[in-house]
Structure formats: structure tokens, C-alpha cells
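**Student:** Positions in the sequence shown are counted from 1; adding 4 to them yields the numbering used here. In this text, a Cβ means the ideal position worked out from N, Cα and C, and glycines have one as well. A quick note: this is a predicted structure, and the numbers were derived from the prediction, not measured.
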Amino acid sequence: MKDIFKSVYSLFLLVFFLNISQKTYSNRVSHKTVIAESNLAMKPMAPAPPVVNSPIYYCQNSPASPLTATADPGNTLIWYGTSPSGGTPSFTAPTPSTSSLGSTTYYVSQTDGVTESTRAAIVVTISPDIGFVIPLLRCDPTQISPADKFSSVFFDWTNTPGIPNLYSYRYITPGGSTVTGTTSPSNLQVFGLSPGQSITLVLTHTFYPCNISIITCTVPCSPTTVNPDFAAIPPICSGSTPPVLRPISPNGISGTWSPAVVSNTASGSYVFTPDPVLYPCASSQTLNVTVKPLVTTSFTSIPATVCQGTVYTLPTSSNNTPPITGTWSPASVNTAVLGPSSYTFTPSPGQCTTSPTTTATITVIPNNVTPTFTPVGPFCSGDVIAPLPTTSNNGITGSWAPVVSNTATNTYTFTPNPGQCALTTTMTITVNTKVNPTFTAVAPICSGDVLAPLPTTSNNFYTGSWLPALDNTMTTTYTFTPDSGQCANTASLTIVVNPIIDPDFSSVPSELCENSGNYILPMTSDNSPAITGTWSPSFVDTAVVGTSDYEFTPDAGQCASTIILPITVKASNALVDFQWTVSQAFAENQIVTISATLPDNYLYQLDFGPFQSSPIFEHVSYGLHTVTVVDPAGCSLPLSKSDILVVDFPRFFTPNGDGFNDTWNIDSLRDDLNARINVFDRYGKLLAEVRPNGAGWNGYYNGNPMPATDYWFVIDYVEQNVVKKFRSHFSLKR
Numbered sequence: 005m006k007d008i009f010k011s012v013y014s015l016f017l018l019v020f021f022l023n024i025s026q027k028t029y030s031n032r033v034s035h036k037t038v039i040a041e042s043n044l045a046m047k048p049m050a051p052a053p054p055v056v057n058s059p060i061y062y063c064q065n066s067p068a069s070p071l072t073a074t075a076d077p078g079n080t081l082i083w084y085g086t087s088p089s090g091g092t093p094s095f096t097a098p099t100p101s102t103s104s105l106g107s108t109t110y111y112v113s114q115t116d117g118v119t120e121s122t123r124a125a126i127v128v129t130i131s132p133d134i135g136f137v138i139p140l141l142r143c144d145p146t147q148i149s150p151a152d153k154f155s156s157v158f159f160d161w162t163n164t165p166g167i168p169n170l171y172s173y174r175y176i177t178p179g180g181s182t183v184t185g186t187t188s189p190s191n192l193q194v195f196g197l198s199p200g201q202s203i204t205l206v207l208t209h210t211f212y213p214c215n216i217s218i219i220t221c222t223v224p225c226s227p228t229t230v231n232p233d234f235a236a237i238p239p240i241c242s243g244s245t246p247p248v249l250r251p252i253s254p255n256g257i258s259g260t261w262s263p264a265v266v267s268n269t270a271s272g273s274y275v276f277t278p279d280p281v282l283y284p285c286a287s288s289q290t291l292n293v294t295v296k297p298l299v300t301t302s303f304t305s306i307p308a309t310v311c312q313g314t315v316y317t318l319p320t321s322s323n324n325t326p327p328i329t330g331t332w333s334p335a336s337v338n339t340a341v342l343g344p345s346s347y348t349f350t351p352s353p354g355q356c357t358t359s360p361t362t363t364a365t366i367t368v369i370p371n372n373v374t375p376t377f378t379p380v381g382p383f384c385s386g387d388v389i390a391p392l393p394t395t396s397n398n399g400i401t402g403s404w405a406p407v408v409s410n411t412a413t414n415t416y417t418f419t420p421n422p423g424q425c426a427l428t429t430t431m432t433i434t435v436n437t438k439v440n441p442t443f444t445a446v447a448p449i450c451s452g453d454v455l456a457p458l459p460t461t462s463n464n465f466y467t468g469s470w471l472p473a474l475d476n477t478m479t480t481t482y483t484f485t486p487d488s489g490q491c492a493n494t495a496s497l498t499i500v501v502n503p504i505i506d507p508d509f510s511s512v513p514s515e516l517c518e519n520s521g522n523y524i525l526p527m528t529s530d531n532s533p534a535i536t537g538t539w540s541p542s543f544v545d546t547a548v549v550g551t552s553d554y555e556f557t558p559d560a561g562q563c564a565s566t567i568i569l570p571i572t573v574k575a576s577n578a579l580v581d582f583q584w585t586v587s588q589a590f591a592e593n594q595i596v597t598i599s600a601t602l603p604d605n606y607l608y609q610l611d612f613g614p615f616q617s618s619p620i621f622e623h624v625s626y627g628l629h630t631v632t633v634v635d636p637a638g639c640s641l642p643l644s645k646s647d648i649l650v651v652d653f654p655r656f657f658t659p660n661g662d663g664f665n666d667t668w669n670i671d672s673l674r675d676d677l678n679a680r681i682n683v684f685d686r687y688g689k690l691l692a693e694v695r696p697n698g699a700g701w702n703g704y705y706n707g708n709p710m711p712a713t714d715y716w717f718v719i720d721y722v723e724q725n726v727v728k729k730f731r732s733h734f735s736l737k738r
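#1: Measure how close the beta-carbons of P696 and D676 come, nearest whole angstrom, since I'm counting them as under 8 Å.
#2: With a cut-off of 8 Å on the beta carbons, I'd call N593 and H623 a contact; round off their distance for me.
#3: In chain order, what residues of the same chain have a beta carbon less than 6 Å from the beta carbon of G259, not counting five sequence neighbours either side?
#4: Applying the 10 Å Cβ sphere with the 16-neighbour rule, what's the burial state of P353?
#5: Excluding sequence positions up to five away, which residues of its chain have a Cβ less than 7 Å from the Cβ of A741?
#6: Where does the unbroken beta strand (DSSP E) through G550 begin, and where does it stop?
#7: Count the CB pairs spanning the region 670 to 686 and the region 712 to 727 that are closer than 8 Å, and state whether there are at least three.
#8: Just verifying my parser: in three-state terms, what is the DSSP assignment at K737?
#9: Q147 by DSSP, collapsed to three states: which one?
#10: Could you check how far apart the C-beta atoms of V223 and F154 are, in whole angstroms? I think they sit under 8 Å.
#11: Can you check whether the CB of F582 is closer than 9 Å to the CB of N641?
#12: If you reduce the DSSP assignment to three classes, tell me which class D152 lands in.
#13: Could you give the residue range of the beta strand (DSSP E) that holds I134?
#14: With a cut-off of 9 Å, does the C-beta of T358 fall near any C-beta of chain B?
#15: In terms of alpha-carbon separation, which member of Q193, V694, V633 lies closest to Y721?
#16: With distance defined between alpha-carbon atoms, name the residue in A492, F349, P297, C425 nearest to D387.
#17: Curious, which full-length beta strand (DSSP E) runs of at least 3 residues does the region 234 to 315 contain?
#18: Using three-state DSSP, classify L44 as helix, strand or coil.
#19: Counting C-beta neighbours from all protein chains within 10 Å, is the total for N669 16 or more, i.e. buried, or is it exposed?
#20: Could you tell me whether the Cβ atoms of S305 and P319 are closer together than 9 Å?
#21: In the DSSP output, which residue or residues are listed as bridge partners for S496?
#22: Taking 7 Å as the limit between beta carbons, can you name the residues of its chain near G185, skipping five residues before and five after?
#23: Could you tell me which whole beta strand (DSSP E) segments of length 3 or greater appear in the region 632 to 716?
#24: Considering only residues of the region 415 to 450, which uninterrupted beta strand (DSSP E) runs meet the minimum length of 3 residues and lie entirely inside it, listed in chain order?
#25: Buried or exposed for L207, going by 16 or more other Cβ atoms inside 10 Å?
#26: Within a Cβ cutoff of 6 Å, which residues of the same chain sit near F556, ignoring the five residues on either side of it in sequence?
#27: Apart from the five residues on each side of it in sequence, which residues of its chain come closer than 8 Å, Cβ to Cβ, to L691?
#28: Check whether the region 93 to 109 and the region 70 to 82 are in contact - that is, three or more C-beta pairs closer than 8 Å.
#29: According to the Cβ coordinates, are T129 and L170 closer than 9 Å?
#30: Kindly confirm or deny that the region 187 to 206 and the region 216 to 232 touch, where touching means at least three C-beta pairs closer than 8 Å.
The structure is reproduced here in C-alpha cells:
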């Protein structure tokens with residue numbers, strides 16, 4: 005009976021899919037109706053819905069895979085897309101679209117070929133990538149108990165307010181299996197680990213599956229961690245059998261070596277790395293292996309010959325670097341017997357030599373040669389002495405001691421090099437001390453005096469020459485260089501040349517007044533030190549008016565020059581009057597020039613200003629002024645005049661009633677009774693007519709104050725009997 009049902013159901017499915025493809029409405033039959041009719045006819049038991057995984061999350065626009073479900077053994081899955089009932093059945097699982105956000109429900113059933121199960125729902129949610137990060141995801145060893153400190157890791161994070169606390173996670177265990185799950189607490193502890201092992205946690209929030217947080221936590225290494233303890237490998241000789249590198253250290257740590265085999269041709273470093281799974285906390289260990297090259301034992305210091313009767317000890321170390329040590333056979337050289345003998349050197353064990361033994365031949369010869377040398381010297385102290393010859397006249401080589409000195413007489417010993425069977429010898433080199441030449445000092449001279457040539461033979465009879473050439477104009481130090489071969493030092497002699505000084509008589513007056521008595525000229529100058537001498541004439545006769553020259557002659561030996569001093573006797577009371585001139589009125593630069601009736605070196609003063617030697621005063625202000633003329637020698641009385649008039653006009657006035665500059669006028673022409681002034685505004689309108697001897701303009705027109713600005717004026721006046729007209733402007737300031 006069951007086979008009949010299976011045949012009927014298979015026929016139904018074939019007819020159903022043919023009708024779907026041909027789109028024939030009349031033959032379309034509901035699959036659900038057929039199932040129902042079959043159930044009514046036979047009523048077999050339908051299978052349970054297939055097992056599904058729901059919900060499924062995808063990130064927007066991410067690749068999607070076909071949906072999956074698990075059917076019972078022998079059953080077949082039937083997919084209905086998003087149709088909870090009806091719809092088009094398919095044996096091919098649909099692939100969800102990830103282009104749009106939101107949730108979509110897909111339906112799947114299973115059939116045993118006779119009956120069909122109810123449909124299971126699979127919810128697919130497309131989530132946005134909104135940058136959500138699980139807050140404060142961290143490794144928190146503080147929450148691990150002391151007992152689990154070296155066997156577990158603790159992941160901790162912070163919940164986001166307003167979002168359910170549900171998280172999905174996965175990690176891989178040290179054995180290689182993947183552990184997945186969900187957790188509601190905001191932490192996760194993984195147990196069963198070893199010190200040094202790490203766990204990488206991949207964590208997502210259930211509602212934000214597109215955003216992944218990843219962190220790796222490592223179990224701390226225990227303080228009792230054991231490291232490999234391989235012993236150091238001693239140096240090996242090149243080409244010898246190399247030591248074998250063991251895979252397990254003496255304290256039981258397994259691992260690998262790099263390189264794995266020790267080279268017996270080149271030195272190198274070999275690193276042992278512990279097994280990272282079994283010993284993650286163990287440190288690597290490096291062994292340095294030195295491969296020593298094979299060397300040929302060399303004894304370059306052993307002489308080919310030794311002298312009869314001398315003591316010679318064979319060296320126990322070769323001349324190699326580093327030296328080869330060992331023993332000789334025979335152990336010592338017998339120098340009592342003339343002729344050659346062989347000696348065999350055997351290196352001590354472990355010294356990487358190319359040969360196990362080395363042989364040296366030493367010949368004992370007679371000892372009876374005396375070196376001969378040509379005598380050297382004598383020398384002067386400080387002279388350059390050439391190095392003494394290291395080969396004698398008869399061909400013996402050797403060395404001298406002590407080091408040759410060029411400051412004192414000494415005896416030097418020549419020691420022949422070994423193997424020449426020569427005797428030591430000596431040589432004395434005489435070094436004479438240098439003497440200082442002495443000369444009589446030369447007395448100071450005056451600049452220009454005759455200077456005698458310096459002697460070319462010193463007081464203690466050393467000959468030589470002087471440099472530089474003699475100079476009788478300035479103080480100079482001269483150097484005496486002795487002729488060669490005299491063992492004398494250089495000497496110096498300074499000749500002082502004093503400059504010629506002009507006597508200074510600043511205290512002597514250059515002017516004297518007539519009949520002021522005879523003036524006796526001083527016999528000592530004002531210099532320091534003073535210069536003494538005589539005058540011609542010796543005094544000034546003030547009865548004679550005029551200028552005379554007086555000659556001062558210094559006493560001998562003072563390096564001073566003769567001078568002429570002019571002195572003037574001025575007439576008394578010669579200043580009796582002076583005249584003046586003033587620039588024309590209203591000039592830009594008003595100049596007052598003074599002219600005395602008897603010209604002299606007078607001093608001039610304007611008003612209360614300073615005295616000056618020039619009789620010309622410039623930029624003098626308008627108005628009356630006083631000029632004073634003074635004879636600086638005091639031979640005439642001062643003379644003053646106060647009626648010197650400078651004609652100009654004020655550049656502004658301030659009619660504000662404060663008593664200063666309240667009116668404008670040209671007061672300097674008040675004595676010109678015919679002068680008149682017309683004042684205009686800028687447009688040429690006559691505002692006022694002013695007389696210099698009047699009150700002036702007060703800044704009003706027709707009883708009204710005029711504004712602050714510039715105003716123009718025209719003045720007619722007489723200057724030196726000539727009628728003149730002058731135009732300019734001034735400012736009214738309020």
C-alpha cells in the first residue's frame with residue numbers, strides 16, 4: 005500500500021511541474037489540494053519540518069550563500085521562497101539578496117516521497133554596517149583567580165545601554181578546534197591553557213553582526229618558566245669532527261636548531277628554538293661555535309747562529325698570533341760545542357697545528373769580533389746630532405743606548421744584534437754649553453741723532469751680525485746672531501729713540517693790552533715733564549702795539565724742538581662804536597650783521613643769547629633787539645646797542661580774549677606813520693584796514709567773528725626812503 009502512495013505522489017509532482025512550465029491554467033492543480041486528497045484517501049503520517057538555523061544575519065551588500073536546512077535521512081527538501089503557503093516549490097535552495105536592509109522569511113519543507121511536512125521558516129536579516137564597536141573590549145587578568153592565573157584568559161567588555169546583552173563569539177583552542185557560542189554576560193573566560201598560550205576572540209553583538217571586534221589574550225608566563233640549558237661548545241679545529249646538536253636540552257626542553265648541523269670549516273652561531281606549543285614561554289638559546297684554522301708553527305725569533313759560551317733559551321711559545329705553546333727536545337741549547345744542532349718542538353694538545361712537530365737548526369760559532377765606528381762631534385748644545393749608525397765600519401749591526409742627547413756630553417754603548425758573535429763597544433760624544441754674547445748698552449738718543457754702528461764682536465769675543473738695520477727714528481730691539489761654530493746663543497740689544505717734543509706754552513696769553521707792563525716769558529714749558537730753555541726776546545714790551553714773534557730754544561739733551569710764539573699787543577679802548585645791517589623787511593631769513601669801527605677778534609651777543617665769534621646772526625625774530633660786542637682780551641670795554649629793528653609779521657593770532665595774541669598787527673612798523681595794512685579773506689573781500697601804530701585787527705567783520713582759517717594782507721611801507729608793497733597771509737586760530 006505504501007508503494008502505491010509513493011507512485012501517486014511522484015505522478016502528482018511530475019504533473020505539477022509540467023503544468024507550471026507550460027502555464028496552462030486549466031490543468032493547474034494545487035499541490036496542497038492533492039496532498040489533502042491523498043491524506044483523505046490513505047491518511048499516512050507526514051514527516052516533521054526540517055531542522056533549520058534561524059535567524060541568519062548578513063551585512064548589507066555582502067556575498068550570500070544558498071540557504072541550508074537538514075532533512076531526515078531519505079527525505080528531500082522542498083523550497084518555497086518567501087511563500088508561507090502556496091507558491092512555487094523548488095528543489096534548489098534560494099540565495100538571499102543583501103542589497104536591502106530588513107528581515108525576509110524563507111520557507112522550506114521536506115517530503116518522504118509520499119507526504120510532505122509543514123514548512124519551517126528561516127528568517128534572514130540584512131543589517132547595516134554602522135561602525136558599532138563593542139565598548140572596552142580588553143584582556144582583564146585581574147578577574148582571574150590565583151589558581152587559574154597561569155592556565156586561563158579572561159575577556160571583558162562593556163554593555164551598550166539600550167541594547168540587549170547578547171553576544172556571539174568564536175575562538176580556536178590550542179588543539180586547533182573552533183569554539184562558538186553566545187553569551188549574555190559581558191565577559192568570557194577560557195580555561196585549560198598553558199603558560200604563554202594565546203586565544204584570539206572574535207566577538208559580535210547579536211544586533212550588529214556586521215561589526216566584528218577582535219582581541220587576543222595571552223596566558224602570562226610563570227615565574228618558574230624553565231629555559232634550555234645547553235652547555236657551551238668549546239672551539240674546534242678546522243676539518244675535525246663537529247659536535248652533534250641534540251634536539252632536547254639537558255633539562256628536557258625539546259625544540260629545533262638553526263642551522264641544524266655544526267660546520268667544521270667556519271665559525272657560526274646556532275640558535276635553539278623551543279617547541280612553541282609545548283614550551284611557549286621558554287626562551288631560545290644561542291651557542292657560538294668557533295672553528296679555529298690550522299696554522300703552521302713558526303719560530304722566526306730563533307737565530308740561525310748563537311755565539312759560543314753565551315746562554316740561549318729556546319722559546320716555549322711560537323711567533324704565531326695567538327702563539328703555539330709546547331716543549332722542545334732537547335730542552336736547551338748547548339753553546340759550548342761549536343757546530344749545528346737540531347731541536348724538535350712538540351705543540352701542547354688542542355692547538356690546531358698543521359704538523360705535530362717543528363724542527364729548528366742552531367749553529368754555535370766563535371765569539372771574538374769588536375765593532376769599529378768613526379768618532380762623532382764635538383757639538384754645541386742644542387745642535388742637531390744625526391742618529392748613530394746601526395752598522396759598524398766592519399759590518400756589525402746592533403743598537404745604541406741610551407738615546408742620544410744634544411744637551412750634555414755622554415758615553416753611548418753599542419750592543420751587537422744576536423748571532424754576530426761581536427763584542428759591545430762605546431763612543432763618547434762631547435756637547436759644549438752655549439755662551440751668551442755680551443755687549444755694552446747704547447744710551448738713548450733723540451730722533452734723528454747720529455747712531456754709531458753696532459759692534460760685530462761681543463765683549464766676550466764672539467763674532468756675528470745684527471738685524472734689522474739701524475733706525476735713528478724709533479726705538480728698536482736688534483738681534484745678534486753669532487757666526488757658526490762658536491757655541492754661542494743669540495743676543496738682543498734695545499736702543500731707545502726718544503721723539504722730538506714741541507714745547508707747550510698754552511698758559512702764555514696770545515694777546516696783551518697796551519701799556520699793561522712788561523710780560524716776562526716763562527723759562528719752563530707746560531709739558532710734563534717740563535722743558536727748560538731760553539726766549540729771544542725774553543719779555544714782551546706792551547708799550548708797542550702790534551704782533552711780534554718770540555723764539556724759545558730748549559736746553560740741550562731734552563729732545564725738544566725750537567718754537568716761535570707770536571704775541572699781539574692790542575691798543576687799549578679801541579672798541580668805541582659798531583654798525584649793523586638788517587635784511588630787508590619780511591625776508592624769509594632775517595639776518596643781522598655787526599661791523600665794529602676797528603675790526604678785531606671780538607665776541608658778539610644777540611639779546612641774552614650766548615657769545616659767538618661770528619658777527620652774523622641768522623633767523624632773527626621780528627621786533628627790537630640788543631647786540632653786545634666784547635673784547636675777549638679785556639683791552640676795551642663792552643659796547644651794547646638796543647635799537648636794532650627786524651621787520652616781520654606774526655604768522656597767526658588767537659582772538660579768544662585771554663590777553664595773548666588777541667589781535668593781529670605788524671608792530672615792527674609802528675614808527676612808519678604812513679604805513680597801512682589791508683586784510684582780505686580768501687575770496688579777496690576787504691575785511692579790515694589796520695595801522696601799525698594802532699590796535700590791530702581783532703578777527704571780527706561787521707561785528708561778527710570770522711572763522712578760523714588763513715587770511716591775506718597787503719602792506720604799503722617805506723624802507724630806506726623807498727616806498728614798498730608786501731603781500732602774504734596769516735592764520736586765525738580759535
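**Tutor:** Working from what's here:
#1: Residue numbering aside, residue 696 sits at position 692 when the sequence shown is read from its first letter. Residue numbering aside, residue 676 sits at position 672 when the sequence shown is read from its first letter. That pair is a contact at about 6 Å.
#2: Walking along the sequence shown from the start, residue 593 turns up at place 589. Walking along the sequence shown from the start, residue 623 turns up at place 619. Between H623 and N593 the Cβ distance is about 6 Å, and since that is below 8 Å, they are a contact.
#3: Position 255 of the sequence shown, counting from 1, holds the residue named residue 259. If we look at G259 and ignore the five residues flanking it on each side, its Cβ neighbours are F276, T277, P278, D279.
#4: Translated into the one-based positions of the sequence shown, residue 353 becomes position 349. Exposed: under 16 other Cβ atoms inside 10 Å.
#5: The chain is shown from 5 up to 738; residue 741 falls before or after that span and cannot be answered.
#6: Taking the sequence shown and counting its residues from 1, the one referred to as residue 550 is at position 546. Element bounds for G550: 550 to 558.
#7: Contact between the region 670 to 686 and the region 712 to 727 is present, because at least three Cβ pairs lie under 8 Å.
#8: Taking the first residue of the sequence shown as 1, we reach residue 737 at position 733. Of the three classes helix, strand and coil, the one that applies to K737 here is coil, per DSSP.
#9: To locate residue 147, count along the sequence shown from 1; it is residue 143. For Q147, the secondary structure class from DSSP, reduced to helix, strand or coil, is helix.
#10: Along the sequence shown, read from residue 1 onward, the residue named residue 223 stands at position 219. Along the sequence shown, read from residue 1 onward, the residue named residue 154 stands at position 150. Right, their Cβ atoms sit about 6 Å apart.
#11: What you label residue 641 is simply residue 637 of the sequence shown in a count that begins at 1. What you label residue 582 is simply residue 578 of the sequence shown in a count that begins at 1. According to the sequence as given, residue 641 is Leu; it is not Asn. Cβ distance not < 9 Å, so L641 and F582 don't count as in contact.
#12: If you number the sequence shown from 1, residue 152 lands on position 148. Reduced to three states, the DSSP call for D152 is helix.
#13: Here residue 134 is taken as the residue at index 130 of the sequence shown, counted from 1. From DSSP, I134 is part of no beta strand (DSSP E); its letter is neither H nor E.
#14: Annotation note: the requested chain B is absent from the structure, which comprises a single protein chain.
#15: Your numbering for residue 721 matches position 717 in the sequence shown. That would be V694, whose Cα lies nearest to the Cα of Y721.
#16: The residue labelled residue 387 in the question sits at position 383 within the sequence shown. Of the listed residues, the one whose Cα sits closest to D387 is A492.
#17: 259 to 262, 272 to 278, 289 to 293, 309 to 311
#18: Position 40 of the sequence shown holds residue 44. With a pLDDT of 39 at L44, under the threshold of 50, the modelled position of this residue cannot be trusted, and the question is left open.
#19: For the purposes of this step, residue 669 is taken as residue 665 along the sequence shown, with counting starting at 1. By the 10 Å Cβ count, N669 comes out buried.
#20: Residue numbering aside, residue 305 sits at position 301 when the sequence shown is read from its first letter. Residue numbering aside, residue 319 sits at position 315 when the sequence shown is read from its first letter. Cβ atoms of S305 and P319: closer than 9 Å.
#21: Your numbering for residue 496 matches position 492 in the sequence shown. In DSSP, S496 forms a bridge with T483.
#22: Here residue 185 refers to the residue found at position 181 when the sequence shown is read from its first residue. Excluding its 5 nearest sequence neighbours in each direction, G185 has C-beta neighbours in its own chain below 7 Å: Y173, listed in chain order.
#23: 643 to 650, 680 to 684, 690 to 694
#24: 429 to 433
#25: Taking the first residue of the sequence shown as position 1, residue 207 is located at position 203. Answer is buried; the Cβ neighbour count reaches 16.
#26: Counting from one through the sequence shown, the residue named residue 556 turns up at place 552. Once the five neighbours on either side are set aside, the close Cβ partners of F556 are P507, G537, W539, I567.
#27: Looking up residue 691 in the sequence shown gives position 687. Excluding residues within five positions, the ones whose Cβ falls inside 8 Å are V683, F684, D685, W701, Y705, M710, Y715.
#28: yes
#29: On the sequence shown, residue 129 is found 125 positions in, with the first residue counted as 1. On the sequence shown, residue 170 is found 166 positions in, with the first residue counted as 1. No, they are not a contact pair.
#30: yes
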